[in-house]
Amino acid sequence: DARAYGWQLPETVSHSWEQLREAVQSHIKSVNWVTRVELRDKQVEYVNGQGYFVDSHTVKAVMKGGVERTLKAANIVVAVGGRPKYPDIPGAVEYGITSDDIFSLEKPPGKTLVVGAGC
345 DARAYGWQLP
355 ETVSHSWEQL
365 REAVQSHIKS
375 VNWVTRVELR
385 DKQVEYVNGQ
395 GYFVDSHTVK
405 AVMKGGVERT
415 LKAANIVVAV
425 GGRPKYPDIP
435 GAVEYGITSD
445 DIFSLEKPPG
455 KTLVVGAGC
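If you want it as structure tokens, here you go:
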């Protein structure tokens with residue numbers, strides 16, 4: 345299809361799965377690192393837990409291991425993040441893989457169908 349849109353490509357195109365996988369993982373690590381450095385530089389405390397608002401300036405968060413913390417601040421940033429969700433169709437869980445996990449595969453997945461899109 346690329347040629348129909350003006351791309352000039354050699355007859356045989358190849359790529360290195362290992363190089364692609366490493367590049368994607370490195371990019372994700374660098375984005376996470378930059379985010380942590382920027383938060384630290386701005387003196388923002390990063391808390392990773394599941395929480396809920398008690399009032400407009402208080403959050404109760406359940407941390408890993410079940411430890412509960414009460415956090416108070418003038419300003420609170422809620423960055424929920426997210427994980428891909430498997431669609432409710434037969435075989436999705438047994439045969440599917442999420443976008444978060446595909447680049448952890450040692451070998452390329454072969455022909456791949458992408459279902460859904462990010463928001």
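Take 345 as the starting number for the sequence shown in my numbering and just add one per residue.
Ideal Cβ placement from N, Cα and C applies to all residues, glycine included.
| query | Are the beta-carbon atoms of R380 and F447 separated by less than 8 angstroms? | reply | Sequence index remark: in the sequence shown, residue 380 carries index 36 (1-based). Sequence index remark: in the sequence shown, residue 447 carries index 103 (1-based). No, the Cβ-Cβ distance between R380 and F447 is not below 8 angstroms.
| request: Check K455 in the structure and name its three-state DSSP category. | output: As a position in the sequence shown, residue 455 is number 111, starting the count at 1. Three-state DSSP puts K455 in coil, outside helix and strand.
| message | Is there a C-beta anywhere in chain C that falls below 8 angstroms from the one on Q369? | response | Although the question refers to chain C, the structure presented lacks it and comprises just one protein chain.
| field | For A346, the three-state DSSP class (helix, strand or coil) | value | Here residue 346 refers to the residue found at position 2 of the sequence shown. Here A346 sits in coil by DSSP.
| Roughly how many angstroms separate the alpha carbons of T456 and V424, rounded to a whole number? | Mapped onto the sequence shown, residue 456 falls at position 112. Mapped onto the sequence shown, residue 424 falls at position 80. Near 28 angstroms, if we compare the C-alpha coordinates of V424 and T456.
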